[in-house]
Amino acid sequence: MLTVTDQFQLSGIGLVVMPDFSVPERWANVEETVLIETPGGRRELLAQFRQTHFRILDVTAPLDRRWRVVLCFPTGTKEQVPVGSVVYVSHKTKNALLPTH
1 MLTVTDQFQL
11 SGIGLVVMPD
21 FSVPERWANV
31 EETVLIETPG
41 GRRELLAQFR
51 QTHFRILDVT
61 APLDRRWRVV
71 LCFPTGTKEQ
81 VPVGSVVYVS
91 HKTKNALLPT
101 H
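Position 78 (the sequence shown) corresponds to 78 in this note's numbering; numbering is contiguous.
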């Protein structure tokens, strides 16, 4: 589960929402249907968890800030996933992104 804190539309990728995540060891991009809970109700939507490179001009920025896993909705809109929405993902994806050491 995550709460959407920001969102932006990217051509060719779709709706990208924050927060983003550190890239786990042996990460492979994931595509799954997630449940989204908004003030207006619930809906299911296809989501992609993608490893993405951020172009950060600060040369001292660590690799963990340059390479992140982001949550994308290829066909999603800002109206479908507004800031404050709660996104429920599979246990497998949650455990991969938020390991409990």
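Note that CB positions come from ideal geometry on N, CA and C, so glycine has one too.
**Request:** Would you identify the three-state DSSP class for L105, choosing helix, strand or coil?
**Result:** This structure gives no information on residue 105, because the portion of the chain shown stretches from 1 to 101.
**Item:** Own chain residues within Cβ distance below 7 Å of D20, not counting five before or after
**Value:** R68, V69 and V70
**Request:** Take E37 and list the residues in its own chain whose beta-carbon comes closer than 6 Å to its own, dropping the five residues that flank it on each side.
**Result:** V86
**Cutoff 7 Å; reference R66; Cβ partners in own chain excluding five residues on either side** = H53, F54 and I56
**Prompt:** Among P82, G41, K92 and L97, which one has its Cα closest to the Cα of T5?
**Reply:** P82
**Beta-carbon spacing of W27, Q51 below 8 Å** = yes
**Item:** Cβ-Cβ distance between G76 and T3 below 8 Å
**Value:** no
**Asked** Roughly how far, in whole angstroms, is the beta-carbon of V89 from the beta-carbon of V17, given that I think they are within contact range, below 8 Å?
**Response** Not really, about 12 Å apart at Cβ, beyond 8 Å.
**Prompt:** Rounded to a whole number of angstroms, what is the C-alpha to C-alpha distance between T100 and K94?
**Reply:** 10 Å
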